[in-house]
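Single-structure report; data block below.
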Amino acid sequence: MSEPAETQEAATYDVTAVEEKWLQVWKDLDPFRADDASAREKRYALTMFPYPSGDLHMGHAEVFALHDVVARYWWLKGYEVLNPMGFDSFGLNAENAAIRDNEHPATFTYANIAVSTESCKKFGTSFDWSRTLNTSDPDYYKWTQWLFLRFYERGLAYRKESPVNWCPVDQTVLANEQVIDGHCERCGNEVTKRELTQWYFKITDYAQELLDNLDELEKTWPDRVITAQRNWIGRSEGAHVTFPLVEEGAQRPSRNRASEITVYTTRPDTLFGTTFMVVAADAHLARELVTDDQRPAYEDYLEEVRKASDIERLSTERPKTGVFLGRYAVNPVNGQQIPIWAADYVLADYGTGAIMAVPGQDQRDWDFAKRFDLPIIRTVRPPDDFVDDAAYVGQGPAINSANDEISLNGLGIAEAKRAIIDWLESKQSGKGAVNFRLRDWLLSRQRYWGAPIPIIHCPVDGEVPVADDQLPVVLPELRGADLTPRGVSPLAAAEDWVNVECPKCGGPAKRDSDTMDTFVDSSWYFLRYCSPQDDTQAFDTDLVNAWGPCDVYIGGVEHAVLHLLYARFFTMVLNDMGLVGFREPFSAQLNQGTVINQGAKMSKSKGNGVRLGEQLSAFGVDAVRLTLVFAGPPEDDIDWAEMSPSGSLRFLQRAWRLSGDVTSSPGTSPEGGDVALRRITARTVRDAEGLVDGFKFNVLVARVMELVNATRKVIDTGGDSGAGGADPAVREAAEAVTILLSLVAPYVAEEMWERLGHQPTVARTSWPTVDESLLVEDSVTCVVQVRGKVRARLEVVPDISDADLEALALAEPDVVRAIDGAEVRKVIVRAPKLVNVVV
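Note that numbering that gives the first Met the number 0 gives residue 836 to position 837 of the sequence shown, counting from 1, and the numbers run on in steps of one.
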């Protein structure tokens, strides 16, 4: 009798040869090209498209491996799958590289796109490469400009002067979301403030819907993304309160331009405790209010404020600073004149840029009042054991809150808020209001490598949109030193490009020299994938509605606020325009974790970087993919130092050997094969469906490993039938292993499929069918315990009754011996798996 196959010298496949072979087959077959006209049910699998900064890295490898599980599964389940890939190819990295190398940004960009594309293909991803797009291609950004003009027509794109975040190194403005702990997210340098006239999208018009829709999305989106978006939108309910302005000691409003200030507060119930007002030092209102006597001190203070980031200014640990503006306001509830100060802990873009300061109930106001010796009046009663050395921000009844017409004293906060809002409205001194933390989207950038803003500025006609038939406004051919940041866009110096005739009056005019934030490009790219070669429209509405919304969106959690919020906003606007038939772009979302090494984020300085190319060369694509998927839940971080791609490769070789040990013919009926193996196969296939749908890919791999082991056991021992590799249940199991493995390790799966006698490609075969009768258990093992110890195991039918199971257990000889004549006090039965006898 020959030795079992696995005890002989183990056969292996040549990883490199297999990869080269199947890459060519896939190129010839093009198995993942989506057919718009297919009658099959459509699914749209979308992964966040990458920025082409170089070759793929471990983070790309992880997200592509996870994403491919879903896309390939849908193909096998019989869906027509749209799974496109493109490149988010505008941006500062290419522009900075062009300055460094005295090149055009396109040189850097398109060289990297070519490298990344080949690497993606080698990685075995099931992308439809016929739909590839690059956001820096004129035939793409033509439609970005077209969409900007549609937003402009609807009043959703506008220009205003305001203090903005400014990166002095990259020489461009940054949205609030692009400032991380006071530093530029791109270059890491400290961000300052500048006054600039900039373009904005009016995303605040959609703030309430963006918030409300999260209630539905939370069923299929990660909790941390939902929380991040809710916090960023930041809805609050309160009131707008109007404070008349007066000169010190005067009873009439000031003659100066501003006669009143309106502030937004979430706590109008604390109005009686307002003892001063604070205006953002860099707000226009502060410059308007300051008296001539106080202006020098104010200007000096403003210079200091501009050096601090918004994050620093809002820190509760930061010492309070400020300057008196020389002006007073009148508290509408008690007629008291209160001083107006400029300070850095209020931001210019919060509400009106001014707050009513209630030091008794707000710690920052308390600290400011203590610093400048300003009055403090509590309006909420603290508990008796409260130490009187800080603001009280908890619940309690109102105190010190009454005038001749209204008293809030004794009321709880919610009741007091309602009462004071009613009173303010009756006096026309305020009104209930809803406010959002969300600010309009600052989209203009003072850099070259982006989509030009299609507006012409005329001294006579003002802002004039570029005509649709003149799009795209193509970037001029600047390179190297011409791209060096100068505080304004390099396009401003391109005189032949920027100087034009006004489309309206024919007089001299200038193009807008700013370019759009790259998040504009990525807010609609998933729609362009539906008809990427269409040169007549941004996207085909019928095809978008046929494929969309995206059934799953997979990518990094770092985009939880910026990109996802902007894409949602774009989709709502496009729906209002009748261009798409849905209001949310992504039905479900999955975030992958981060690939780290030795417990820390990879970096050259730490010497812990892992090169993807080296891992692929050493272990092969399949082993790396399998390692990434099997490492744990997709959202968890992966420490590569703790991973074993060599172990993954050994498992893949073991699975591959199954296909060579099957000796039954293709198409052989599994009927009559090893029943136990058939049951394991059926359960594995059925469970796999729920595991993929639930994004439990690591558990799926574990189940495939169990099935490989069970199949190997039957091959090596002969199984119940003694047929070994000829047993038709072995073929059924091996084919199931191959199909399931194709979700994760496509190269070895194709090789196995061919060795099993089938034509390629396994990726486009059908999901294995399951004989439902195999899922019904004939018997269940019941554990019988006496005095807490297992005394017997019984094989019983799954639907046995409690009474029958108790009788059977008490009659079992081993149980009788364990009871040994003692009194049975209680028998706990959990049919069909447990009986516990208490004596």
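Glycine included, every Cβ here is placed at the ideal spot set by N, Cα and C. In this text the structure is predicted, and so the values were computed from the model without any measurement.
Here leucine 410 carries a coil assignment [DSSP, helix/strand/coil].
The beta carbons of phenylalanine 200 and leucine 155 sit closer together than 9 Å. Ranked by Cα distance from alanine 44, the first of Val775, Cys549, Thr764 is Cys549.
Taking 9 Å as the cut-off, the beta carbon of valine 700 is found closer than this to the beta carbon of valine 628. In the three-state reduction of the DSSP assignment, glycine 321 falls in the strand class, which pools E and B. Alanine 806 places its beta carbon 9 Å or farther from that of serine 125. Of Pro49, Trp74, Gly506, the smallest CA-CA separation from valine 691 is found for Trp74. Between arginine 829 and glutamate 811, the CB-CB gap reaches or exceeds 9 Å. Listed in chain order, the beta strand (DSSP E) elements of length 3 or more contained wholly in the segment 572 to 632 are 588 to 591. Under the Cβ criterion (8 Å, minimum of three pairs), the segment 568 to 575 counts as touching the segment 201 to 211. When the beta-carbon positions are compared, aspartate 281 and lysine 416 stay at least 9 Å from each other. In this structure, DSSP gives histidine 182 an extended state, which the three-state scheme calls strand. Non-local C-beta neighbours of leucine 81 in its own chain, meaning closer than 6 Å and more than five positions away in sequence, comprise Ala33, Tyr43, Trp546, ordered along the chain. For tryptophan 496, the CB contacts under 6 Å within the same chain, skipping 5 residues up- and downstream, are Pro475 in chain order. Contact check for arginine 792 against valine 785 fails: the beta carbons are separated by 9 Å or more.
Proximity to glutamate 794 across Leu470, Arg438, Leu833, Val386 peaks at Leu833, based on C-alpha coordinates. Sequence-distant partners of alanine 347 (beyond 5 residues in either direction) whose C-beta falls short of 6 Å from its own C-beta, in its chain, are Pro162, Ala279, Asp281, Ala282. Leucine 324 is classed as buried because its beta carbon has at least 16 other beta carbons within 10 Å across all chains shown.
Of His558, Thr290, Asp468, the smallest CA-CA separation from serine 522 is found for His558. Pairing valine 779 with glutamate 215, the inter-Cα distance amounts to about 41 Å. If only complete runs of 4 or more residues are kept, the segment 698 to 755 shows the alpha helix (DSSP H) at 727 to 740, 745 to 754, in order along the chain. Closest in C-alpha terms to alanine 681, from the list Gly671, Leu706, Pro665, comes Leu706. In terms of Cβ geometry, leucine 657 and isoleucine 738 do not form a close pair [threshold 9 Å]. Threonine 273 sits buried, since 16 or more C-beta atoms from the chains shown fall within 10 Å of its C-beta. Glutamate 771: not part of any beta strand (DSSP E); DSSP gives it neither H nor E.
Taking every protein chain shown into account, the CB of glutamine 427 has fewer than 16 other CB atoms within 10 angstroms, so this residue is exposed. Segment contact: the segment 504 to 524 against the segment 436 to 454, three or more CB-CB distances shorter than 8 Å; contact assigned.
Under the rule that a run must span 3 or more residues, the beta strand (DSSP E) segments found entirely inside the segment 47 to 110 read 79 to 81. DSSP places asparagine 230 within a helical segment (H, G or I) once states are collapsed to three.
Per DSSP, lysine 306 lies in no alpha helix (DSSP H) and is assigned neither H nor E. The three-state reading of DSSP puts phenylalanine 200 in strand, counting E and B together. With 16 or more other CB atoms across the displayed protein chains lying within 10 angstroms of its CB, phenylalanine 694 is buried.
For glycine 555, the enclosing beta strand (DSSP E) stretches over residues 551 to 555. In the structure shown, proline 665 adopts coil according to DSSP, grouped into three states.
Annotation for threonine 15: the continuous alpha helix (DSSP H) segment containing it runs 14 to 28.
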